[in-house]
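Protein chains in written order, with my numbering: chain A, 18 to 355; chain B, 18 to 355. Below is one structure, written out as structure tokens, with a few remarks after it.
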């Protein structure tokens with residue numbers, strides 16, 4: 018049985034969508050047990066309709082919730098009764114094997130770092146969402162906002178962590194790891210990239226060199242290493258452009274009677290297109306580098322997205338992502354010490 | 018008469034597309050005179066078919082060309098006879114009012130900085146392409162690769178230069194200037210952004226605060242200030258996503274007989290959609306901060322894109338972009354000296 022601690026109060030559609038995602042997850046996977054942390058009276062109504070699957074769901078009542086607008090570190094330190102804090106505490110205490118939450122990113126980062134703590138030797142944990150690629154295999158972008166100012170050594174560790182994740186969770190053999198840069202040619206880059214490149218080249222990963230913004234989603238690499246600032250800019254630029262184009266396309270299709278007729282005809286094909294662009298099947302963003310699997314689901318997660326995030330967290334547990342990162346890192350440090 | 022110096026040998030489709038763009042430009046605008054720098058024997062064949070408009074086109078024969086794979090600064094210093102070098106030299110000597118080239122970005126940057134030189138007081142020139150927005154007004158992203166490691170004061174100057182450009186060339190009244198950041202909330206940002214924000218707030222621009230990657234193309238701001246690394250990542254992420262989605266959409270529409278029929282019906286509406294996403298009407302990327310208008314046209318420029326880049330350069334001349342930047346900067350420095 019894999020036991021996952023859930024922040025039932027985090028996310029735009031919590032607790033309803035979260036509880037529904039949890040119910041769907043335990044129904045489809047009998048080796049899954051979930052503990053929902055949150056206000057019992059808010060959660061219960063959405064559990065009542067459920068059948069036998071709810072036997073593998075239990076609730077831990079929490080008096081408090083951390084909101085998006087709060088200062089993460091202060092809130093985590095002060096609000097001991099907050100759902101995200103109690104869930105991460107239970108995880109750290111061994112009462113669960115992983116954590117999934119869709120609430121404040123800052124609170125998940127701060128809570129995981131302060132309570133679950135870093136893997137020994139890891140300099141900084143990193144947030145690493147998957148993005149869809151042309152090839153359909155997906156790409157991991159690490160870091161996307163946990164560390165806005167980075168040192169070269171941190172990026173070298175991100176490369177290792179990202180590679181382990183793709184291998185253990187996505188089943189990618191010898192994941193190709195690139196570094197986000199402002200040009201494909203050698204010698205390009207800001208100071209950080211120039212200094213990180215030789216360090217990544219020494220890591221036990223299949224390093225393929227520079228990746229430009231336009232090639233993140235090409236499918237040519239499986240992991241793109243970057244600092245949290247540039248990664249966040251890239252992630253949101255990609256999301257924003259996709260949303261803009263989808264919106265403009267919709268408008269175009271509804272602009273005349275003729276195009277509406279056409280839209281009806283292409284509808285089945287278009288649903289395949291939408292599916293390929295759908296992030297939610299990849300789950301949320303793993304926070305790599307802490308002692309237990311922690312997944313940050315998207316704030317706008319619906320039941321389906323949260324369902325996938327739970328599945329992803331279970332894969333991280335079963336794939337042994339944390340012990341593998343630990344072992345890889347120990348090997349690197351041993352080699353460096355020589 | 019506005020006289021523009023053209024690098025006729027730069028770009029993927031040079032010299033044919035460049036010469037054609039030049040011919041179209043002088044045909045449509047009788048107050049335009051162009052000097053084409055390049056290999057005369059390569060250029061002449063494409064001029065021969067032209068009519069009376071070629072009277073306002075002259076050629077300066079250049080023995081050399083700078084290629085994309087050369088080291089820009091070394092190439093500019095060594096190849097005195099290269100088309101881009103001779104064109105920028107003519108510009109600096111007052112034989113032209115502006116420059117347009119579609120060749121190596123590095124060579125245009127290095128050549129403009131070394132030969133045309135920076136406006137007095139400008140710390141670093143910046144490359145500032147326009148991107149399409151949902152609203153159709155376009156947004157200027159400054160810098161996009163001229164300076165990969167930036168200081169806060171440079172970003173403050175980028176804000177002023179970008180605002181002047183939007184006002185003088187795009188006719189935007191009180192351009193809204195934002196800074197690219199990893200979150201919309203105050204207090205977000207890496208060291209550079211945190212230090213640049215208060216400086217930009219003191220500049221004579223309409224500063225509206227943080228812009229996330231997903232909002233660059235929203236039309237909520239007219240200028241997005243950033244360092245050349247993050248700007249390049251954002252620009253290419255947006256371009257790449259747009260290209261990926263267009264490609265996937267095409268594939269979708271051709272995937273079945275039914276969707277092909279639908280595609281025929283939506284074709285007219287789709288052409289409007291394509292037009293809204295078309296960058297080329299904005300011209301190329303101005304290099305702001307040097308003593309004369311310099312426009313870097315896209316390497317893949319066809320005749321139409323180059324035509325628009327020439328028009329854009331002329332607008333920079335007529336709008337007085339360079340003297341206005343000079344005056345704004347002098348006013349800022351005077352205020353700071355008090």
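Cβ atoms here follow ideal geometry from the backbone N, Cα and C, with glycine treated the same way.
Pairing residue 73 (chain A) with residue 50 (chain A) gives a Cβ-Cβ distance under 8 Å. Interface residue (Cβ-Cβ distance to chain B less than 8 Å): residue 74 (chain A) is not classified as such.
Interface residue (Cβ-Cβ distance to chain B less than 8 Å): residue 231 (chain A) is classified as such.
Following the DSSP letters along the chain, one finds residue 302 (chain B) in no alpha helix (DSSP H) but inside the beta strand (DSSP E) bounded by residues 302 to 305. Note on residue 94 (chain A): under 16 other CB atoms within 10 angstroms of its CB, so exposed under the neighbour-count rule. Between the region 107 to 116 of chain B and the region 137 to 152 of chain B there are fewer than three inter-stretch CB-CB distances shorter than 8 Å, so the stretches are not counted as touching.
8 Å or more divides the Cβ of residue 286 (chain B) from the Cβ of residue 28 (chain B).
Closer than 7 Å at the C-beta level to chain A, one finds these residues of the region 140 to 164 of chain B: 151, 162. The Cβ-Cβ distance between residue 212 (chain B) and residue 169 (chain B) falls below 8 Å.
Taking a contact as a CB-CB distance under 8 Å, the pair residue 307 (chain A) and residue 129 (chain A) counts as one, their CB atoms being some 5 Å apart.
Against chain B, the beta carbon of residue 283 (chain A) has neighbours under 8 Å at 269, 270, 275, 276, 279, 280, 283, listed in chain order. Taking a Cβ-Cβ cut-off of 9 Å, the neighbours of residue 265 (chain B) in chain A comprise 151, 290, 293, 294, given in sequence order. The straight-line gap separating the alpha-carbon atoms of residue 238 (chain A) and residue 75 (chain A) is approximately 40 Å. Collapsing the DSSP output to three states places residue 336 (chain A) in a helix. Distance from the CA of residue 103 (chain B) to the CA of residue 256 (chain B), rounded to the nearest whole angstrom, comes to 32 Å. Contact check for residue 125 (chain A) against residue 183 (chain A) fails: the beta carbons are separated by 8 Å or more. The beta carbon of residue 123 (chain B) lies closer than 7 Å to those of 89 in the same chain, with the five residues before and after it left out. Look at residue 246 (chain A): its C-beta is under 8 Å from a C-beta on chain B.
Contact annotation: residue 140 (chain B) and residue 248 (chain B) have beta-carbon atoms that are not nearer than 8 Å. Taking a Cβ-Cβ threshold of 7 Å, the residues of chain B close to residue 206 (chain A) are 165, in chain order. Contact between residue 325 (chain A) and residue 297 (chain A) holds: their C-beta atoms lie close to 6 Å from each other, under 8 Å. Every alpha helix (DSSP H) stretch that sits fully inside the region 65 to 147 of chain B and reaches 4 residues is listed by chain position as 89 to 95, 100 to 109, 122 to 128. If you look at residue 52 (chain B), you'll find it in the beta strand (DSSP E) that goes 49 to 55.
By the C-beta density criterion, residue 310 (chain B) is buried, having at least 16 other C-beta atoms within 10 angstroms. Rounded to whole angstroms, the Cβ separation of residue 346 (chain B) and residue 136 (chain B) is 7 Å, and the two are in contact under 8 Å. The closest CA to that of residue 283 (chain B), considering only A:261, A:291, A:290, A:269, is found on A:269.
Residue 155 (chain B) carries a coil assignment under DSSP once its states are collapsed to helix, strand and coil. Under the 8 Å criterion on CB atoms, residue 255 (chain A) is classed as interfacial with respect to chain B. With a cutoff of 8 Å on beta-carbon distance, residue 67 (chain B) and residue 323 (chain B) are scored as not near each other. Following the DSSP letters along the chain, one finds residue 41 (chain B) inside the alpha helix (DSSP H) bounded by residues 33 to 45. In terms of Cα proximity to residue 46 (chain A), the closest of A:31, A:20, A:271 is A:20. With its beta carbon at least 8 Å from every one in chain A, residue 119 (chain B) lies outside the interface.
Per the DSSP secondary-structure output, residue 24 (chain B) pairs in a beta bridge with B:54, B:118. When B:34, B:355, B:70, B:24 are compared, the shortest CA-CA separation from residue 78 (chain B) is found for B:24. Of all residues in the region 174 to 205 of chain A, only 197, 199 place a beta-carbon less than 7 Å from a beta-carbon of chain B.
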